[in-house]
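Okay, structure first, notes after.
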Amino acid sequence: MMLQTLVENAIKHGISREVNGGLILIGSHVHDMCHEITIRNTGQIVVEIKNDGGGFGLASTRQRLGILFGKRATFDIRNIDHATVEAKVLMPLL
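In short: position in the sequence shown from 1, add 132, done, that's my numbering.
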């Protein structure tokens, strides 16, 4: 469900604001006994969202990770360049 929430967030806050649409790239990799999920989308994080940690979708993702993995999992969302946002979830396999 985290993946769905993050993709919906990418659509709502990212590509839906672009006149010509945009792109969403979803990646899933396993390394160092962790599962990494990345969602990259066209757009930019606006200052208001970045400062307060985001809306319901981002808070829900953080809460789910905390419940399932405690401090062993991480979630980050950031602008990676002038036109792309990346959300990254890192979860332990064991």
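A virtual CB, placed ideally from N, CA and C, is assigned to each residue, including glycine.
For clarity, every value in this text was computed on a predicted model and none was experimentally measured.
Figure out for me which residue from T193, D164, F188, G146 has the closest Cα to the Cα of D208. If we check each option's Cα against that of D208, T193 comes out closest.
For V162 and A191, what's the separation of their Cα atoms in angstroms? 24 Å
I need the boundaries of the alpha helix (DSSP H) containing N152, first residue and last residue. That residue, N152, is in no alpha helix (DSSP H); it is neither H nor E in DSSP.
Taking only the alpha-carbon atoms, compute the straight-line gap between I212 and A219 and give it to the nearest angstrom. 10 Å
Residue from L157, Q195, F188 whose Cα sits closest to the Cα of I171: Of the candidates L157, Q195, F188, the residue whose Cα lies closest to the Cα of I171 is L157.
If you drop the 5 nearest sequence neighbours on each side, which residues of the same chain put their C-beta closer than 7 Å to that of G153? For G153, where only same-chain residues beyond five positions count, the Cβ hits under 7 Å are I147.
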